[in-house]
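Chemist:
There are 4 protein chains.
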Amino acid sequence: MYSFTCDYNEGAHPAIIRRLAETNLDQEPGYGEDDFCASAAARIRDAAGCPGADVFFLTGGTQTNYTVIDGMLRQHEGVIAAQTGHIAVHEAGAVEFSGHKVLTLPQHEGKIDASELRSYLKTFYQDDSHTHMVYPGMVYISFPTEYGTIYSRAELQAIKDVCMDFNLSLFVDGARLGYGLASPAADIDMKDLARLCDVFYIGGTKVGALCGEAVVFPRGNAPEHFFTIMKQHGALLAKGRLLGVQFDTLFTDGLYEKISAHAIEMAMRLKEVFVSKGIPFYIDSPTNQQFPILSAGQIDSLLGPIGFEIWERRPDGSAVTRFATSWATPPEAIDALKEALGSAESK
Amino acid sequence: MYSFTCDYNEGAHPAIIRRLAETNLDQEPGYGEDDFCASAAARIRDAAGCPGADVFFLTGGTQTNYTVIDGMLRQHEGVIAAQTGHIAVHEAGAVEFSGHKVLTLPQHEGKIDASELRSYLKTFYQDDSHTHMVYPGMVYISFPTEYGTIYSRAELQAIKDVCMDFNLSLFVDGARLGYGLASPAADIDMKDLARLCDVFYIGGTKVGALCGEAVVFPRGNAPEHFFTIMKQHGALLAKGRLLGVQFDTLFTDGLYEKISAHAIEMAMRLKEVFVSKGIPFYIDSPTNQQFPILSAGQIDSLLGPIGFEIWERRPDGSAVTRFATSWATPPEAIDALKEALGSAESK
Amino acid sequence: MYSFTCDYNEGAHPAIIRRLAETNLDQEPGYGEDDFCASAAARIRDAAGCPGADVFFLTGGTQTNYTVIDGMLRQHEGVIAAQTGHIAVHEAGAVEFSGHKVLTLPQHEGKIDASELRSYLKTFYQDDSHTHMVYPGMVYISFPTEYGTIYSRAELQAIKDVCMDFNLSLFVDGARLGYGLASPAADIDMKDLARLCDVFYIGGTKVGALCGEAVVFPRGNAPEHFFTIMKQHGALLAKGRLLGVQFDTLFTDGLYEKISAHAIEMAMRLKEVFVSKGIPFYIDSPTNQQFPILSAGQIDSLLGPIGFEIWERRPDGSAVTRFATSWATPPEAIDALKEALGSAESK
Amino acid sequence: MYSFTCDYNEGAHPAIIRRLAETNLDQEPGYGEDDFCASAAARIRDAAGCPGADVFFLTGGTQTNYTVIDGMLRQHEGVIAAQTGHIAVHEAGAVEFSGHKVLTLPQHEGKIDASELRSYLKTFYQDDSHTHMVYPGMVYISFPTEYGTIYSRAELQAIKDVCMDFNLSLFVDGARLGYGLASPAADIDMKDLARLCDVFYIGGTKVGALCGEAVVFPRGNAPEHFFTIMKQHGALLAKGRLLGVQFDTLFTDGLYEKISAHAIEMAMRLKEVFVSKGIPFYIDSPTNQQFPILSAGQIDSLLGPIGFEIWERRPDGSAVTRFATSWATPPEAIDALKEALGSAESK
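Chains as they are written, first to last, in our numbering: chain A, 8 to 354; chain B, 8 to 354; chain C, 8 to 354; chain D, 8 to 354.
Here it is in structure tokens:
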């Protein structure tokens, strides 16, 4: 049985486990002041083409989102997100817990639209009562989005332009960043991303690590005392080495890119399996999450050999489903899926 | 060179690294719903003698403290701690960030005193203006304390009695719990602790793990929806397996106790080295942190072969210092310390 | 010139000013423990038909909303409101500042729909990932709404039923309560309201007082220590007498009802003026706020003698406007409006 | 019977009541945009000698304190106060509710000491672990203090110097500002105060108003969007006119100074009564709060004709008491006190 339910079913890339074992008894200072973190940060600055970047390592996505957002906003400001944005839906109100409103815009396949953003901001500032409202202080987007889609360079530039016109910072949640950049549909690389936003993070948890997200402020523009703000938000890991070793390994010899490319290759094969069976998709995703709409019979056939997530069950028994590949997905799992689906057909 | 600066200089106990490697590609669900967490929780319930306990795994100490405290208090309540308590000093105001005041009591070698606690509470409720003040809702103690000292059974019972009289919950920060329970001075075990408090945590980060703290609500008395509260506080790890594997390993065949006992044995040898040189202590600690007061010459001799922390430099060049042993401290490090100190003498 | 821009343009009902003057030098204790507050609370319990009610006096609407909401919710809970609800739009994120998300439902002329509420709640609890989401803990409605509309008894009962099925409390923002209950369209009175919700407040600021809102927990169901929670939220007035005197006056000899009825009478006359001119309305409001859609010419004619609020300017120069009457609106102001509109016609 | 229990037992100065009555039906915009607030702000700028000041009107002391503090601090910063400071003790944790720690220094007759402040700050920044601690961002002092004492010009200058050296803002809680400045012991006036601090407020509630505190940022240095921050904190009064009229009246023809001087004259007479009876004081207060230590017999004799507050009852039945005069204290009340005490003697 192989499960495609999510992209964090396995542990870490074996190279990380090996490196953890090798360095295990080296003595290092805590709180991210170890040599591994320093090396990892240097490699990330290099990969992102921003030699002056501030780089911090946190443990998980929700933690990273709310620490960055609260760290960058003033208290009367909120953060703009798609109505399907992770911070708007699936983070248990962490942003609100830290005192800020999530201001939602309509989503289009998980993305916000620059012209709708501009229109919202114009309307906001034209409204005489806007001083009684939450000020927009930041735009949050995810890359890829919760629906697996990605922004094009032109779309990002358009959003960035609006942000500059209205003095907003732009934050890119890259929990699955590798899978977005490795997509054949991507027309940007990490250096472009670093140029186009004010802060982004490189997801480790879903891309080869046991845990960990690397926050990058590309122009050395971290809020002053961000280290202390991390501590205050419960986001400072005592043994920062655990994060340093992992990101140092991921950014050595292009491992992060390689394993991301593998996940995408698996996703495209998986997509092809569904396409070849004439199965429709809820959304046309170019990244590691795929959303086929399966019939009741197809679902039945898969259950057992193949794990996946039911997103939305429909009255006729069919369902929107999610299949996620990852750095760990073996080619054999795609074959197994194909076979299981084939048997569905012949029933 | 060997560093005694803190008890989180190394990675994890090798058995943990091995187990992480062995289980690395097993597919498991996220968010602590994996088999390892289930097994670890069962072993912890057993070790703590509380079969009905709720057990949760979080990543670090500050995160655990403020999530538990905010989860258990109502919003007008504060938490009582020693003025030297970790939450009162070294957590960057995480408790206040979550909206609660830390109400401080005098410390006596890092401990609070039950009669002073009672007196504070009596005075509070007798004060006509107490409805304008922060209500005490919880008592926080650390075991061992920040000074390495531990509460006796009688002291804990006395504090518990006061808590019951004034309807306060009792929370024990066990970031170094193993080292406290393994101390020759300890007259309680984990089962006693579980009986005497409302919630405690078993520190992993400082006792053999890469990261992780296991929160135990001994009588199944976790606040409702504590899982969601963890998520909201950025304290829910996606790959909960990382914590599950570690605690499952630590609580198999008494590993947690064994490695804690090793650290204490090393601490007692280290203490003996200082005693044998006639070196005084700032505090008489029975656990893995020792606080010798070294002369300027002694400090000079150690620098190089031996790392340690300067706590408080005095005008004459002497200093209160901290030496911490851990599960990882090799006996040779004690010998090296002894030798270095010997050379100090002969200068 | 008379301004209909809002219902808080004037000071207080003259009876209140007189009473403040008469009692001015009486010595009274602070913080709502004065005789006026006690008397006002008794009169309110009587008017609301709930002899066991807890009654508290706060200063303003936003303050009241966020103090009540934060006081009643647990930290992982949010409050459901119409997307046009005051707390969702015009309170500068006060609810989020206190740590809670405002969960929005579609609005229908400013109201939420009980079946949509039920559907939202069913979907929420059916979603496997709901433990990663903000739990709905309360429903907030305004009576009248921000669009001047009111809920019928049947609508309220239906919402209440859903709340009981899903264990939510129901909070009614009555900033303009008097104007809602005095409406010819209302089929409930204050006693009904008290039966149908868990907490409501009686707006003073917009209904005859200089400031002040009276919060009523009809069944003595105030959160424990709500007094201290008020203090913590900056919502406890030192000279509570200022609020006590005002509400005591408003609830003596039915003054609150009488002045509310006057405002509604003025509103109906004002509505009739627009209707008689064939002017359409943005929404059919049965309370003191009216929303005529005026042409550019009509707007021009009014400017000068008549003040009102432009809500939404349209490309052709017409606009949705808001006219608010109040306890203080003189009949002559309606005549002046009629005359000014008449002159518009003849142009 | 006359009560000296506090300085907010009565309503407002009669001139305020008159002015409220006279202006009652004038139509004015809300939220502090009325003419009265504008006029009051202009008069306050004049009285404080700071023509560029930003002036805001809030309703009460706790509300003002936590809104100003939260508005000026960054999230990792705390506010330094005397351990007896109002924000540290009697505001139900409002500052912590807004996310900030109150960092306490020892009090000396209610005051902090500039050299202790400097020493604390030096120690803080020398501590290697200070990045794990709450950063001091502001100094809060009350003038007069909770013990009725006042800072001299030299003391304020010394504190200001430390603040400038360590980049802290200085906030003066002037809930009883008039009574401090009117004291014969005061060697500063409001213009001096404005020069010496970054923000202060002029207490209305305790000095002649029904409610209201005027916050002054002397150099136009209000945090950007402070209006919205007030709204977010529930501190924006809809009918700002209520505050505008009051402060406009208080700052017309020196009324604020005159009524403050009256309270001080009454306090000095009251003090003389106790002195003449040989009664000792807990503290030598030069302002409107006096703290005589009364014997059990003296206490008994006063009960009935004279109200006062028992601060601290002693085993022998004697007590530290508080007597507060105010703008409203009639000379006859002092006579009545004298007489009652006289009868005590003769018993």
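Using N, Cα and C, we set each Cβ at its ideal position, and we do this for glycine too.
As the structure is a prediction and not an experimental result, all values here were calculated from the model.
Between the beta-carbon of Thr-363 of chain A and the beta-carbon of Glu-316 of chain A, is there less than 8 Å?
Modeler: Outside the modelled stretch of chain A, which goes from 8 to 354, sits residue 363 of chain A, for which no answer is possible.
Chemist: Does the beta carbon of His-107 of chain B come closer than 8 Å to any beta carbon on chain C?
Modeler: It does not: the Cβ of His-107 of chain B has no partner Cβ on chain C nearer than 8 Å.
Chemist: Within 10 angstroms of its Cβ, does Glu-231 of chain D collect 16 or more other Cβ (buried), or is it exposed?
Modeler: Exposed, by the Cβ-count rule.
Chemist: Cα-Cα, which of A:His-269, A:Leu-348, A:Ala-245 is closest to Pro-338 of chain A?
Modeler: Of the residues A:His-269, A:Leu-348, A:Ala-245, the one whose Cα lies closest to the Cα of Pro-338 of chain A is A:His-269.
Chemist: Is there at least one Cβ from chain B nearer than 8 Å to Glu-231 of chain D's Cβ?
Modeler: With 8 Å as the cut-off, Glu-231 of chain D does not count as an interface residue toward chain B.
Chemist: State the Cα-Cα distance for the pair Phe-228 of chain C and Asp-194 of chain B, rounded to the nearest angstrom.
Modeler: For the record, residue 228 of chain C in the displayed sequence is Asn; it is not Phe. Their backbone Cα atoms lie some 46 Å apart in a straight line.
Chemist: How about Val-109 of chain D and Ala-88 of chain D: do their beta carbons lie closer than 8 Å?
Modeler: yes
Chemist: Under 8 Å between C-beta atoms, does His-240 of chain D make it to chain C?
Modeler: yes
Chemist: Going residue by residue through the segment 204 to 283 of chain B, where are the continuous alpha helix (DSSP H) segments of at least 4 residues, counting only ones entirely within it?
Modeler: 233 to 239, 248 to 257, 262 to 283
Chemist: Would you identify the three-state DSSP class for Lys-354 of chain D, choosing helix, strand or coil?
Modeler: Because Lys-354 of chain D carries a pLDDT of 47, less than 50, the predicted location of this residue cannot be relied on, and no value is offered for it.
Chemist: Using DSSP bridges, identify the partner residues of Ala-89 of chain C.
Modeler: C:Leu-112
Chemist: For Gly-68 of chain D, which three-state DSSP category applies?
Modeler: DSSP places Gly-68 of chain D within a helical segment (H, G or I) once states are collapsed to three.
Chemist: When the Cα of Arg-183 of chain B is compared with those of B:Thr-294, B:Ala-99, B:Met-273, B:Arg-320, which residue comes out closest?
Modeler: Here the closest residue by C-alpha is B:Thr-294.
Chemist: At the level of alpha carbons, what is the spacing between Ser-136 of chain B and Lys-246 of chain C?
Modeler: 16 Å
Chemist: By the three-class DSSP mapping on this structure, what secondary structure does Thr-336 of chain C have?
Modeler: Coil.
Chemist: Restricting to Cα atoms, I'd like to know which of D:Ile-51, D:Met-79, D:Asp-53 is closest to Phe-233 of chain D.
Modeler: If we check each option's Cα against that of Phe-233 of chain D, D:Met-79 comes out closest.
Chemist: Using 8 Å as the threshold, is the segment 27 to 44 of chain A in touch with the segment 192 to 210 of chain A, meaning 3 or more CB pairs across them?
Modeler: The answer is no - the segment 192 to 210 of chain A does not touch the segment 27 to 44 of chain A, with fewer than three Cβ pairs under 8 Å.
Chemist: DSSP has Gln-297 of chain C in a bridge; who is on the other side?
Modeler: Listed as beta-bridge partners of Gln-297 of chain C by DSSP are C:Phe-330.
Chemist: Please report the distance separating the alpha-carbon of Thr-71 of chain A from that of His-139 of chain C.
Modeler: 16 Å
Chemist: Less than 8 Å between the C-beta atoms of Leu-27 of chain B and Val-214 of chain B, yes or no?
Modeler: no
Chemist: From the DSSP output, read off the bridge partner residues of Lys-118 of chain A.
Modeler: A:His-115
Chemist: Residues bridged to Leu-177 of chain B by DSSP?
Modeler: B:Val-146
Chemist: Would Gln-296 of chain B and Arg-329 of chain B be called neighbours here (beta carbons separated by less than 8 Å)?
Modeler: yes
Chemist: Would you report the Cα separation of Ala-347 of chain D and Ile-290 of chain D, rounded to the nearest angstrom?
Modeler: Pairing Ala-347 of chain D with Ile-290 of chain D, the inter-Cα distance amounts to about 23 Å.
Chemist: Anything in the segment 83 to 101 of chain B with a Cβ closer than 8 Å to a Cβ of chain D? List those residues in chain order, please.
Modeler: His-83, Gly-85, Val-96, His-97, Glu-98, Ala-99, Gly-100
Chemist: In the DSSP assignment, what are the bridge partners of Ile-313 of chain C?
Modeler: C:Tyr-9
Chemist: If you measure beta-carbon to beta-carbon, which residues of the segment 130 to 161 of chain C are closer than 7 Å to chain A?
Modeler: Ser-136, His-139, Met-140, Val-141
Chemist: Please compile the residues from chain C whose C-beta is within a distance smaller than 8 Å of the C-beta of Tyr-73 of chain D.
Modeler: Gly-241
Chemist: Does the contact criterion of 3 or more C-beta pairs under 8 Å hold for the segment 175 to 190 of chain C versus the segment 254 to 272 of chain C?
Modeler: yes
Chemist: From Glu-17 of chain C to Ala-335 of chain C, what distance separates their C-alpha atoms?
Modeler: Our two residues, Glu-17 of chain C and Ala-335 of chain C, have alpha carbons roughly 7 Å apart in a direct line.
Chemist: Given this structure, state the Cα-to-Cα distance separating Gly-181 of chain C from Cys-218 of chain B, to the nearest angstrom.
Modeler: 50 Å
Chemist: Our contact map puts Val-62 of chain C next to Ile-76 of chain C with C-beta atoms below 8 Å; I'd like the distance itself, whole angstroms only.
Modeler: Val-62 of chain C to Ile-76 of chain C, Cβ: 18 Å. No contact.
Chemist: So which residues of chain A does Ile-236 of chain D contact, with C-beta pairs closer than 8 Å?
Modeler: Result: Gln-82, His-83.
Chemist: 8 Å is my cut-off, CB to CB: does Glu-103 of chain C come that close to chain A?
Modeler: yes
Chemist: At what residues does the alpha helix (DSSP H) containing Gly-187 of chain B begin and finish?
Modeler: Segment 184 to 188, the alpha helix (DSSP H) holding Gly-187 of chain B.
Chemist: Among A:Ala-242, A:Ile-148, A:Val-102, which has the Cα closest to the Cα of Asp-120 of chain A?
Modeler: A:Ile-148
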